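Colleague: Residue numbers (the working numbering), protein chains in the order written: chain A, 11 to 359; chain B, 11 to 359. Think of the CB as a built atom: it goes at the ideal place given N, C-alpha and C, for glycine as much as any other residue. Computed from a predicted structure; not experimentally measured.
There are 2 protein chains.
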Amino acid sequence: MLLQTTDDTTLGTALADLLDEVQRRFSAELLSDTDCVNGLVAHVERFRGKMLRPTLVIVSAMAAAQSEDLGELRDPVLTAAAVCEMVHMATLVHDDVLDDAQVRRRGATINQLRGNEAAVMLGDYLISHAYHLCSSFGRPDISRAVAHATNTVCEGELLQLSNRHNLELSEATYFEIIRRKTAALCGLCCELPVRLRHPGAEVNGDQSLAQALFAYGEKLGIAFQIVDDILDLAGDQQTVGKSVARDLAKGKLTLPVIRHLEQAKPDEQRAIAGLITQAADPQLSEQDASAIAKAVAQRVTDSGAMDYARQRARELVGQAVEEVLSTVGPCSARDLMELMAAAVIDRRF
Amino acid sequence: MLLQTTDDTTLGTALADLLDEVQRRFSAELLSDTDCVNGLVAHVERFRGKMLRPTLVIVSAMAAAQSEDLGELRDPVLTAAAVCEMVHMATLVHDDVLDDAQVRRRGATINQLRGNEAAVMLGDYLISHAYHLCSSFGRPDISRAVAHATNTVCEGELLQLSNRHNLELSEATYFEIIRRKTAALCGLCCELPVRLRHPGAEVNGDQSLAQALFAYGEKLGIAFQIVDDILDLAGDQQTVGKSVARDLAKGKLTLPVIRHLEQAKPDEQRAIAGLITQAADPQLSEQDASAIAKAVAQRVTDSGAMDYARQRARELVGQAVEEVLSTVGPCSARDLMELMAAAVIDRRF
């Protein structure tokens, strides 16, 4: 999808080649001497779709280098990209357990196919190998940065869990949750290449670049999650390619609903609260859950709260682009970073 | 428990002080700025019991140094001990999810208390912080060794999962499972202190010591798991302090049962197979599951297969001690390593 956003075929070809190499490193790292493990990994590899995170790593590296030729950084950048994708895959596998999700990238989730137990352990296997691969850099500061990001991701997930069924969830807490659970890793993806340019733990002289690229990734990540949450509420499984209406089913309030509840009159608040409670009934069929989500989506759209959520995502994307424009010189990688930001808003899946 | 195994009060006091410091580092690393995370961590800290893994790290360090004074290695050894305990805690939390276990150290498991979702994420938080703390060494080779061990642990768990309800599970595969899922981490605990003595990735000159200490930990770990499996089958929850009869409930065949099935006549094989199938019925009450486990345990005991399993554990403990006696000079740490090995066999919980 991302490749289609650029007309620059040189960059497009270079990026496609590099992403192929990321996939090879990903698979090589996960190869086990036990067949049962390889079978599960083969299934998880089918979930690889947008490759957003490896693309962020590679394009940020090109932007920082002001060149599509990464030179001697090619090797560590590609490994970092594989590490970030592996961390992301681990969170997807465990997320699907948490959400009781059955469909991912138009295929069965691991928990649906092989049970929650295998999904928990496979997620652990992926995260363990992510750290294993990361330690191959000989750069403890990189391992520390990756582990710091995963600490934050877990805190975001736990904060979200502790706010399930909380009808008074504030916008501020919602943003705190998604900043941690989604955006922290995207920020890391964009910042890591700058760290890799400096052999020590300090990015002397490149601090503002590191900060701007981190901010670009973080804001993009927040916007991405807002759109993801909109798609879960208002999209259909056919188009989105994964289980939808899971947020309401799991008692997770997302931005459009939070905004709607904040702005609604007491009668409407009670009506929405009733629908939300119904949607979270674990006995509900998938069809009924989807129908309730549609009803909520309609009211949220009518009140303008859906537009509000889209507008917040649009503003964040604008700020993300601003971060890059103000610190990175003109180059085709920078152009692609702008296009990627726009694609986050326009995506339908 | 372990402290009671030594009459050497100097060593006992030194060890208790060092384990206190490990606990402080453990807690400091896990401190979050979100209250919900700290609440879960506080609960998990109650699971800390035997502290077997940190003790292995410290005592191996003393044995390698031939001194109870660890000198400048004190700091990295204590951090390594906290890392190993954190990895172990993560596996306990996820194991309890896999086993649907309700009791651990005489308290409720996280999954029982807060649901599987919180338990999955808390386990992830623990493992993430283990790697985070591990990267503080400035030693990528140590991070790599820890991640290599956790890769192996996950493979062991996945291998075990893929053999659930396999009535033809061989002894060889059983040993392969427990070597990976339990013993790999114990081996690491004993080997890490030798690695820490050498600033580079190579343990020049200390290779045979590193190998012997790894072998001690690995054999001890295998014996420990055999005894754990015996306690699950034949122990009662009151004494063991955690859910028992979980192995049969989850379709996991362990050494006494495997041996019994191998040696039994066809009639008895069919009878045991019937009991095993009954025990794995998810609708079964805990009481009925326990009664079936008792019936299986009785038959396994009568056939001598329980003694066989204990004897295998005893042999491994003997081999573990032999590894240490042949490479480590006489010192009180070595004496304690012998006592710890004996305690693995004698334990009732």
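Between the C-alpha atoms of residue 258 (chain B) and residue 266 (chain B), what's the straight-line distance to the nearest angstrom?
Modeller: Taking the first residue of the second sequence as 1, we reach residue 258 (chain B) at position 248. Taking the first residue of the second sequence as 1, we reach residue 266 (chain B) at position 256. Distance between the alpha carbons of residue 258 (chain B) and residue 266 (chain B): 12 Å.
Colleague: Which bits of chain A does residue 137 (chain B) rub up against, with CB to CB less than 8 Å?
Modeller: Numbered from 1 along the second sequence, position 127 holds the residue referred to as residue 137 (chain B). In chain order: 134, 137, 138.
Colleague: Closest Cβ-Cβ distance between residue 150 (chain B) and chain A: below 8 Å?
Modeller: Counting from one through the second sequence, the residue named residue 150 (chain B) turns up at place 140. Output row for residue 150 (chain B): interface = yes.
Colleague: Determine the burial state of residue 182 (chain A): buried for a count of at least 16 other Cβ atoms within 10 Å of its Cβ, exposed for fewer.
Modeller: Position 172 of the first sequence, counted from the start, is the residue given in the question as residue 182 (chain A). Looking at its Cβ environment, which holds fewer than 16 other Cβ atoms inside 10 Å, residue 182 (chain A) is exposed.
Colleague: If you follow the alpha helix (DSSP H) that residue 312 (chain B) is part of, which residue opens it and which one closes it?
Modeller: Here residue 312 (chain B) is taken as the residue at index 302 of the second sequence, counted from 1. Unbroken alpha helix (DSSP H) run through residue 312 (chain B): 296 to 312.
Colleague: By how many angstroms is the C-alpha of residue 55 (chain B) removed from the C-alpha of residue 118 (chain B)?
Modeller: Working through the second sequence from its first residue, we reach residue 118 (chain B) at position 108. Working through the second sequence from its first residue, we reach residue 55 (chain B) at position 45. Approximately 12 Å, taken between the alpha carbons.
Colleague: Using 10 angstroms around the beta-carbon of residue 203 (chain B), count the other beta-carbons present and answer buried if the total reaches 16, otherwise exposed.
Modeller: Within the second sequence, residue 203 (chain B) is the residue found at index 193, counting from 1. Buried: at least 16 other Cβ atoms inside 10 Å.
Colleague: So, are the CB atoms of residue 215 (chain A) and residue 150 (chain B) less than 8 Å apart?
Modeller: Position 205 of the first sequence, counting from 1, holds the residue named residue 215 (chain A). Position 140 of the second sequence, counting from 1, holds the residue named residue 150 (chain B). No, Cβ-Cβ distance for residue 215 (chain A) and residue 150 (chain B) is not below 8 Å.
Colleague: If we cut at 8 Å on Cβ distances, does residue 184 (chain B) have a partner in chain A?
Modeller: For the purposes of this step, residue 184 (chain B) is identified with residue 174 of the second sequence, where counting begins at 1. Taking Cβ atoms only, chain A never reaches closer than 8 Å to residue 184 (chain B), which makes this a no.
Colleague: Put residue 157 (chain A) into one of helix, strand or coil per three-state DSSP.
Modeller: Taking the first sequence and counting its residues from 1, one reaches residue 157 (chain A) at position 147. Looking at residue 157 (chain A) - three-state DSSP - the assignment turns out to be helix.
Colleague: Measure the alpha-carbon distance for residue 347 (chain A) versus residue 100 (chain A) and round it to whole angstroms.
Modeller: Counted from its first residue, the first sequence places residue 347 (chain A) at position 337. Counted from its first residue, the first sequence places residue 100 (chain A) at position 90. Going from the Cα of residue 347 (chain A) to the Cα of residue 100 (chain A) covers about 25 Å.
Colleague: For residue 184 (chain B) and residue 264 (chain B), I'd like the C-alpha separation in whole angstroms.
Modeller: Residue numbering aside, residue 184 (chain B) sits at position 174 when the second sequence is read from its first letter. Residue numbering aside, residue 264 (chain B) sits at position 254 when the second sequence is read from its first letter. Cα to Cα, the separation comes out at about 7 Å.
Colleague: Indicate whether at least one CB of chain A lies closer than 8 Å to the CB of residue 53 (chain B).
Modeller: In the second sequence, residue 53 (chain B) corresponds to position 43, counting from 1. So, not an interface residue.
Colleague: Is the Cβ of residue 11 (chain A) closer than 8 Å to any Cβ of chain B?
Modeller: As a position in the first sequence, residue 11 (chain A) is number 1, starting the count at 1. Note on residue 11 (chain A): pLDDT 42, under 50, position unreliable in the model; no value is reported.
Colleague: If you pair each beta-carbon of the region 89 to 108 of chain A with each one of the region 136 to 146 of chain A, do three or more pairs fall below 8 Å?
Modeller: Yes, the region 89 to 108 of chain A touches the region 136 to 146 of chain A.
Colleague: Which two residues bound the contiguous alpha helix (DSSP H) that contains residue 208 (chain B)?
Modeller: Looking up residue 208 (chain B) in the second sequence gives position 198. First-last for residue 208 (chain B): undefined, no H or E at that position.
Colleague: Whole beta strand (DSSP E) runs in the region 128 to 192 of chain B with 3 or more residues, listed along the chain?
Modeller: Within the region 128 to 192 of chain B, no complete beta strand (DSSP E) run reaches 3 residues.
Colleague: Going along chain A, which residues have a C-beta under 8 Å from residue 154 (chain B)?
Modeller: In the second sequence, residue 154 (chain B) corresponds to position 144, counting from 1. Residues of chain A passing the Cβ test: 142, 145, 146.
Colleague: Identify whether residue 92 (chain B) lies in helix, strand or coil by the three-state DSSP scheme.
Modeller: Start at 1 with the first residue of the second sequence, and residue 92 (chain B) comes out as number 82. In the structure shown, residue 92 (chain B) sits in a helix (DSSP, three-state: H, G or I).
Colleague: Is residue 164 (chain B) closer than 8 Å to residue 67 (chain B) when the C-beta atoms are compared?
Modeller: Taking the second sequence and counting its residues from 1, the one referred to as residue 67 (chain B) is at position 57. Taking the second sequence and counting its residues from 1, the one referred to as residue 164 (chain B) is at position 154. Going by C-beta atoms, residue 67 (chain B) is not nearer than 8 Å to residue 164 (chain B).
Colleague: Quick test of your reading: residue 133 (chain A) and residue 97 (chain A), contact by CB under 8 Å. State the CB separation rounded to the nearest angstrom.
Modeller: Taking the first residue of the first sequence as position 1, residue 133 (chain A) is located at position 123. Taking the first residue of the first sequence as position 1, residue 97 (chain A) is located at position 87. 10 Å between Cβ atoms; not a contact.
Colleague: Measuring alpha carbon to alpha carbon, tell me which of A:40, A:232, A:330, A:86 ends up nearest residue 319 (chain A).
Modeller: The residue you call residue 319 (chain A) lines up with position 309 of the first sequence. Nearest of A:40, A:232, A:330, A:86 to residue 319 (chain A), Cα basis: A:232.
Colleague: Using the Cα positions of residue 124 (chain B) and residue 57 (chain B), report the straight-line distance between them to the nearest angstrom.
Modeller: The count along the second sequence starts at 1 and reaches residue 124 (chain B) at position 114. The count along the second sequence starts at 1 and reaches residue 57 (chain B) at position 47. For residue 124 (chain B) and residue 57 (chain B), the distance between alpha carbons rounds to 15 Å.
Colleague: Using a Cβ-Cβ cutoff of less than 6 Å, which residues in the same chain neighbour residue 234 (chain A) once the five nearest sequence positions on both sides are dropped?
Modeller: Counting from one through the first sequence, the residue named residue 234 (chain A) turns up at place 224. Cβ neighbours of residue 234 (chain A) beyond the five flanking positions: 354.
Colleague: Output needed for residue 36 (chain A): all residues of its chain with C-beta closer than 7 Å, excluding positions within five of it in sequence on either side, in chain order.
Modeller: By 1-based counting over the first sequence, the position of residue 36 (chain A) is 26. Cβ within range, chain order: 92, 95, 96.
Colleague: Quick one: does residue 25 (chain A) have its CB under 8 Å from some CB of chain B?
Modeller: Sequence index remark: in the first sequence, residue 25 (chain A) carries index 15 (1-based). It does not: the Cβ of residue 25 (chain A) has no partner Cβ on chain B nearer than 8 Å.
Colleague: Just curious, the alpha helix (DSSP H) that residue 234 (chain B) is in, first and last residue?
Modeller: Position 224 of the second sequence holds residue 234 (chain B). 217 to 244 is the span of the alpha helix (DSSP H), which, as asked, contains residue 234 (chain B).
Colleague: Please report the straight-line C-alpha distance between residue 300 (chain A) and residue 290 (chain A), rounded to a whole angstrom.
Modeller: The residue labelled residue 300 (chain A) in the question sits at position 290 within the first sequence. The residue labelled residue 290 (chain A) in the question sits at position 280 within the first sequence. Distance between the alpha carbons of residue 300 (chain A) and residue 290 (chain A): 11 Å.
Colleague: Which same chain residues, not among the five before or five after residue 213 (chain B), have their C-beta less than 7 Å away from its C-beta?
Modeller: What you label residue 213 (chain B) is simply residue 203 of the second sequence in a count that begins at 1. The residues are 204, 205, 220.
Colleague: Hey, is residue 350 (chain A)'s beta-carbon within less than 8 Å of any beta-carbon in chain B?
Modeller: Within the first sequence, the letter at position 340 stands for residue 350 (chain A). Residue 350 (chain A) does not count as touching chain B.
Colleague: Quick one: measure Cβ to Cβ for residue 168 (chain B) and residue 196 (chain B), integer angstroms, because I've assumed they're closer than 8 Å.
Modeller: Reading the second sequence from its first residue, position 158 is the one you call residue 168 (chain B). Reading the second sequence from its first residue, position 186 is the one you call residue 196 (chain B). Not a contact, Cβ separation roughly 19 Å.
Colleague: Can you tell me whether residue 80 (chain A) is buried or exposed? The criterion is at least 16 other CB atoms within 10 Å of its CB, across all chains shown.
Modeller: Here residue 80 (chain A) refers to the residue found at position 70 of the first sequence. By the 10 Å Cβ count, residue 80 (chain A) comes out buried.
Colleague: When we look at the beta-carbon of residue 41 (chain B) and count the other beta-carbons within 10 Å, is it buried (16 or more) or exposed?
Modeller: As a working mapping, residue 41 (chain B) is identified with position 31 in the second sequence. Label assigned to residue 41 (chain B): exposed.
Colleague: Can you pull out the residues from the region 162 to 180 of chain A whose beta carbon lies closer than 8 Å to at least one beta carbon of chain B?
Modeller: For the region 162 to 180 of chain A, which is checked against every Cβ of chain B, the residues closer than 8 Å are 163, 164, 165, 167, 168, 169, 171, 172.
Colleague: Quick test of your reading: residue 246 (chain B) and residue 256 (chain B), contact by CB under 8 Å. State the CB separation rounded to the nearest angstrom.
Modeller: One-based indexing of the second sequence puts residue 246 (chain B) at position 236. One-based indexing of the second sequence puts residue 256 (chain B) at position 246. Not really, about 13 Å apart at Cβ, beyond 8 Å.
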